[in-house]
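Each remark here refers to the structure printed beneath this line.
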Amino acid sequence: MTVSVDPSARVANGAVLGDGVEIGPYCVVGPEVRLADGVKLLSHAVISGRTHIGEGTIIYPMASIGQPALIHSYRGTPGDLVIGARCELREYVTISTGSDKGDGKTEIGDDCMLMQGAHVGHDCKVGNSVTLVAYSTLAGHCVIGNFAIVSAHCGLHQFVRIGEYSFVAAMTGLTDDLIPFGMAIGNRSMLNGLNLVGLKRRGFERESIHALRRAYRLLFANDEGTLRERVDDVAALFPDDMLVQKVIQFIREGGERAILTPGSGRGTRDG
């Protein structure tokens with residue numbers, strides 16, 4: 024096994040270091056940390072708690088990963104943190120472990136990029152290829168779908184869900200759930216259409232995007248009936264469209280927060 028540990032770093036007994044791990048100057052690694060093959064800690068990074076970091080992930084200076092949940096009343100048992108492969112955690116990123124207020128585990132998928140100062144709170148579930156831009160913050164229990172982008176200086180309320188391929192514009196305060204492929208902007212935020220630029224960049228076919236736009240108009244630009252009724256209608260109109268059905272499933276599953284809607288920025292719970 025080839026492991027490189029700078030003489031100024033501190034690696035506690037019990038830490039598990041995979042092949043090719045590099046630990047730079049003044050890093051601190053706790054006794055329950057597991058670093059998979061090829062993980063790199065550049066310098067001054069602190070990795071603590073029951074934290075497992077996937078292969079090839081790079082952690083930049085001053086990041087603090089695996090500290091206990093940020094809850095005033097939290098005195099619970101230690102939680103877990105699992106970070107996937109090939110992630111980039113930039114300067115001053117902070118990620119909390121899970122807590123007994125949730126399922127005890129914070130999870131971040133593969134190929135994610137967390138830019139400087141981003142924060143992921145306790146019990147969050149972050150999918151694959153997610154980007155959190157500088158100083159964006161996720162409160163506890165947030166769920167972020169694959170390929171979502173949260174822009175700079177955004178704040179997400181606890182328990183908010185963001186669907187896959189969605190986009191949250193800079194300085195947005197998000198208090199309600201954002202549908203897959205949706206775009207949110209404002210403080211407080213409102214649903215501001217679909218993330219069309221993101222869909223095109225990810226190579227979705229024109230026909231699929233057109234179907235998604237039609238479904239969006241039927242769901243959110245139509246005042247007839249309740250949202251629940253419109254969801255049922257759209258589900259029946261697009262039974263075989265995968266993208267539309269992802270939106271339908273997201274809305275039907277529900278969550279702790281309302282669904283973000285256009286106009287007023289206030290979500291709805293009428294289903």
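Read in order, the letters of the sequence shown are residues 24 to 294 in our numbering.
We put the beta carbon where it would ideally sit given N, CA and C, even for glycine.
Predicted model only: the values in this text are computed from it and were never measured.
Burial state of P262 is exposed, judged by a 10 Å Cβ sphere holding fewer than 16 other Cβ atoms. By the CB criterion at 8 Å, G186 and P203 fall inside the cutoff.
Put simply, of E45, P54, V51, S71 the residue whose alpha carbon is nearest the alpha carbon of D60 is E45. Among the bridge pairs identified by DSSP, K148 is matched with E130, V166. Taking a contact as a CB-CB distance under 8 Å, the pair G168 and C147 does not count as one, their CB atoms being some 12 Å apart. Taken through DSSP and simplified to helix, strand or coil, S87 comes out as strand. According to DSSP, V34 shares a beta bridge with V52.
Comparing alpha carbon positions, the residue from A259, G150, A281 closest to L214 is A281. Between the C-alpha atoms of I118 and V143 there is a straight-line separation of about 5 Å.
Judged by beta-carbon spacing, T120 lies within the 8 Å limit of H145, meaning their Cβ atoms are closer than that value. When the alpha-carbon of S66 is set against those of V51, G72, R251, the nearest one is in V51. Contact between V39 and R57 holds, with the beta-carbon distance rounding to 4 Å and staying under 8 Å. Taking the Cα of D134 as reference, the smallest distance to any Cα among K128, D123, G150 is reached at G150. When the five nearest sequence neighbours on each side are left out, the beta carbons in the same chain lying within less than 7 Å of the beta carbon of L217 are those of F204, G205, M206, L235, R236, Y239, in order along the chain.
Residue nearest to A32 within the set V26, P48, G99 is P48 (criterion: CA-CA distance).
Cα atoms of Y115 and T154: separation of roughly 15 Å, rounded to the nearest angstrom. Beta-bridge partners of R184 (DSSP): V166. Positions of the beta strand (DSSP E) runs, each at least 3 residues long and wholly inside the stretch 202–236, are given as 205–209, 212–217 in order along the chain. Note that the C-beta distance between R113 and Y158 is not below 8 Å. The DSSP-derived three-state label of F243 is helix. Beyond the five residues adjoining it in sequence on each side, I208 comes within less than 7 Å, by CB distance, of A192, T195, N215 in the same chain, given in chain order.
In the three-state reduction of the DSSP assignment, L260 falls in the helix class. Taken through DSSP and simplified to helix, strand or coil, V26 comes out as coil. Under the 10 Å beta carbon count, M138 is surrounded by 16 or more other beta carbons and is classified as buried.
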